[in-house]
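**Student:**
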Amino acid sequence: MRVLGIETSCDETGVAIYDTAYPGGDGLLADALYSQIAMHAEYGGVVPELASRDHTRKLLPLVEQVLREAHLTRQDLDGIAYTAGPGLVGALMVGAATAHGMARALDIPVLGVHHMEGHLLAPMLENEPPEFPFVALLVSGGHTQLVAVEGVGRYQLLGESVDDAAGEAFDKAAKMLGLSYPGGPHVARLAEQGDPKRFRFPRPMTDRPGLDFSFSGLKTHTLTAIRELEASDVLDEQARADVARAFEEAVVDTLAIKCRRALDQTGLKRIVMAGGVSANTRLRERLAVECEKRKARAYYPRGRFCTDNGAMMAYVGAQRLAAGERDATGQMQATPRWPLDQLSTPDTALSA
Ligand code: ATP
Ligand code: FE
Ligand code: MG
Numbered sequence: 001m002r003v004l005g006i007e008t009s010c011d012e013t014g015v016a017i018y019d020t021a022y023p024g025g026d027g028l029l030a031d032a033l034y035s036q037i038a039m040h041a042e043y044g045g046v047v048p049e050l051a052s053r054d055h056t057r058k059l060l061p062l063v064e065q066v067l068r069e070a071h072l073t074r075q076d077l078d079g080i081a082y083t084a085g086p087g088l089v090g091a092l093m094v095g096a097a098t099a100h101g102m103a104r105a106l107d108i109p110v111l112g113v114h115h116m117e118g119h120l121l122a123p124m125l126e127n128e129p130p131e132f133p134f135v136a137l138l139v140s141g142g143h144t145q146l147v148a149v150e151g152v153g154r155y156q157l158l159g160e161s162v163d164d165a166a167g168e169a170f171d172k173a174a175k176m177l178g179l180s181y182p183g184g185p186h187v188a189r190l191a192e193q194g195d196p197k198r199f200r201f202p203r204p205m206t207d208r209p210g211l212d213f214s215f216s217g218l219k220t221h222t223l224t225a226i227r228e229l230e231a232s233d234v235l236d237e238q239a240r241a242d243v244a245r246a247f248e249e250a251v252v253d254t255l256a257i258k259c260r261r262a263l264d265q266t267g268l269k270r271i272v273m274a275g276g277v278s279a280n281t282r283l284r285e286r287l288a289v290e291c292e293k294r295k296a297r298a299y300y301p302r303g304r305f306c307t308d309n310g311a312m313m314a315y316v317g318a319q320r321l322a323a324g325e326r327d328a329t330g331q332m333q334a335t336p337r338w339p340l341d342q343l344s345t346p347d348t349a350l351s352a
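Just so it is clear: in the sequence shown, position 233 is 233 by UniProt numbering, and no numbers are missing.
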C-alpha cells in the first residue's frame with residue numbers, strides 16, 4: 001500500500017510517501033520538508049496564524065515534489081495519512097482539509113494519525129529498527145514522556161512532565177541567554193565552551209520515586225543565575241557558556257536518571273529516544289552509558305527525523321491504513337490535545 005503522509009502540526013510542513021511493500025526504511029520512497037523556523041525566529045517562537053498560512057502555501061508544492069521524486073502520479077497513491085493532533089489547531093486543519101480533499105478526489109482512504117506516535121515509531125525507518133517491546137522517551141518541544149511500547153497502538157504512559165517539556169525548557173533558556181529560536185541546538189553549542197564545574201543546577205523530581213518530570217523550576221533557577229551574574233556585572237561570554245552547560249547537564253542528567261528507572265522498572269532492554277531533544281549529543285552519550293551498564297540498547301531516528309517530518313507520519317499512517325483503519329467520509333480530524341494512550345490498536349492480522 002502506497003501512502004502519502006502529511007505533517008502540519010506546528011512549524012514544519014512535511015510530506016512523504018511510504019510503501020508497505022518494502023521493509024522498514026526501504027518503504028520510504030520520497031520525503032520533503034519545508035521549515036518555517038526562519039519566519040518564526042523573528043518573533044522568538046511559533047506564531048500560529050503565520051504557521052497555518054505558510055502550510056497552505058507550501059503543502060501542495062511539496063506533494064508535487066515527493067510524487068516527482070518517487071516517479072509517481074496521484075493515481076498511484078492508495079491512501080493518505082495526515083497528522084490529526086496534537087498540535088496547533090489551525091495548522092492541523094490545513095493538513096486535514098488537504099488530505100480529505102485529495103482523498104475524496106482520488107477515491108482512496110484517508111486517516112488522521114497521532115503526531116507523537118509518529119515521533120515514537122520514527123526509529124522504525126532506520127537500518128536496525130528496535131523490536132517490540134521497548135521503553136520510549138519522547139522529548140520534543142511540547143512533550144516529555146516515558147512510554148512502555150508493546151506494539152503499534154499499544155502504549156502505556158509511564159511518566160510525563162507535569163509542567164514544561166524539555167524542549168520548551170531549552171527554548172526558554174536560550175531566550176534568557178539571548179540565543180535564537182529554536183534554542184536547543186544553540187544552547188548545546190554554547191554549552192560546549194562551558195565549565196561543567198562552575199554551577200550545579202537542580203535535577204527536578206529525581207530525589208523521589210516515580211517517572212514524572214518537571215522543568216519549570218529549572219527555568220526559574222536559570223533566570224535567577226543569569227540575573228545574579230548580571231547584577232555583579234560578570235555576565236561575560238564565558239559565564240553565559242557556563243550557565244548553558246549547567247542547564248544542559250541538569251536536563252540531561254534528569255532525563256537519564258528517569259530512563260534508567262524506566263528500564264529497571266519494566267525490565268526491558270531496549271529504549272527508543274525520539275523528538276527534537278533526542279538530537280542532543282550529550283543526552284545520547286549519557287544514555288549510552290546507562291544502557292551499557294544494563295546491557296540495554298538505545299535506538300534513535302536519524303538526525304533529520306528527530307524533529308518534525310512527513311516520513312514518520314507516512315510510516316505510521318501506512319501501518320494503520322494497511323490494517324484497515326480510515327476516517328469516516330468527510331470526517332476530518334483536528335485534535336489539539338490528544339493523549340497518546342487513548343490510541344486504538346490496529347488489527348495487525350489484516351496488515352500481515
Ligand atoms: P511536539 O512534537 O511535542 O509537538 P515539536 O514538534 O515542536 O513538539 P520537535 O520538532 O520534535 O518538537 O523538536 C523541537 C524541539 O527540540 C525544540 O524545543 C528544540 O529546541 C529541541 N532541540 C532540537 N535540537 C536540540 C538539541 N540538539 N539539544 C536540545 N534540544 C534540541
Ligand atoms: Fe513534533
Ligand atoms: Mg518543530
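We put the beta carbon where it would ideally sit given N, CA and C, even for glycine.
Since the model is a prediction, treat every value here as computed from it, not as a measurement.
#1: Beta-carbon within less than 6 Å of A136's beta-carbon, same chain only, minus the 5 sequence neighbours each way: which residues are those?
#2: Using C-beta distances below 8 Å, list every residue in its chain close to P336, excluding the 5 sequence neighbours before and after it, in chain order.
#3: Between which two residues does the beta strand (DSSP E) harbouring A279 extend?
#4: I'd like the list of long-range same chain contacts for R200, defined as Cβ closer than 7 Å, with 5 residues on each side in sequence excluded.
#5: Quick one: is L263 buried, meaning 16 or more other Cβ sit within 10 Å of its Cβ, or exposed?
#6: Identify, in the order they occur along the chain, each residue of the same chain with its Cβ nearer than 7 Å to the Cβ of F134, setting aside the five sequence neighbours on each side.
#7: Within a Cβ cutoff of 8 Å, which residues of the same chain sit near T345, ignoring the five residues on either side of it in sequence?
#8: Flag V277 as yes when its Cβ comes closer than 7 Å to any non-hydrogen atom of the ligand ATP, and as no otherwise.
#9: Q156 by DSSP, collapsed to three states: which one?
#10: So, are the CB atoms of K258 and L211 less than 8 Å apart?
#11: Applying the 10 Å Cβ sphere with the 16-neighbour rule, what's the burial state of residue 411?
#12: Using 10 angstroms around the beta-carbon of A328, count the other beta-carbons present and answer buried if the total reaches 16, otherwise exposed.
#13: Tell me the residue span of the alpha helix (DSSP H) that contains residue 353.
#14: Looking only at its chain, what residues have a beta carbon closer than 6 Å to the beta carbon of D195, apart from the 5 residues adjacent to it on each side?
**Tutor:** So, from the data block:
#1: Excluding sequence neighbours, A136 sits near L120, V147, V149 and V272.
#2: The residues are G85, P86, G87, L88, V89 and L92.
#3: Per DSSP, A279 belongs to no beta strand (DSSP E) and is neither H nor E.
#4: Within the same chain, Cβ atoms closer than 7 Å to the Cβ of R200 are found at A246, the five residues on either side in sequence being excluded.
#5: Taking every protein chain shown into account, the CB of L263 has 16 or more other CB atoms within 10 angstroms, so this residue is buried.
#6: Around F134: V149, L268, R270, I271 and V272.
#7: Taking T345 as the centre and dropping the five residues before and after it, the same chain places the C-beta of G151, V152, G153 and R154 closer than 8 Å to its C-beta, in chain order.
#8: Yes, the beta carbon of V277 sits closer than 7 Å to at least one heavy atom of the ligand ATP.
#9: Three-state result, Q156: strand.
#10: Taking 8 Å as the Cβ cut-off, K258 and L211 qualify as a contacting pair.
#11: There is no way to answer for residue 411, as the model of the chain reaches only from 1 to 352.
#12: Its Cβ having fewer than 16 others within 10 Å, A328 is exposed.
#13: Residue 353 lies beyond the stretch modelled for the chain, which goes from 1 to 352, so this question has no answer here.
#14: Cβ neighbours of D195 beyond the five flanking positions: D242.
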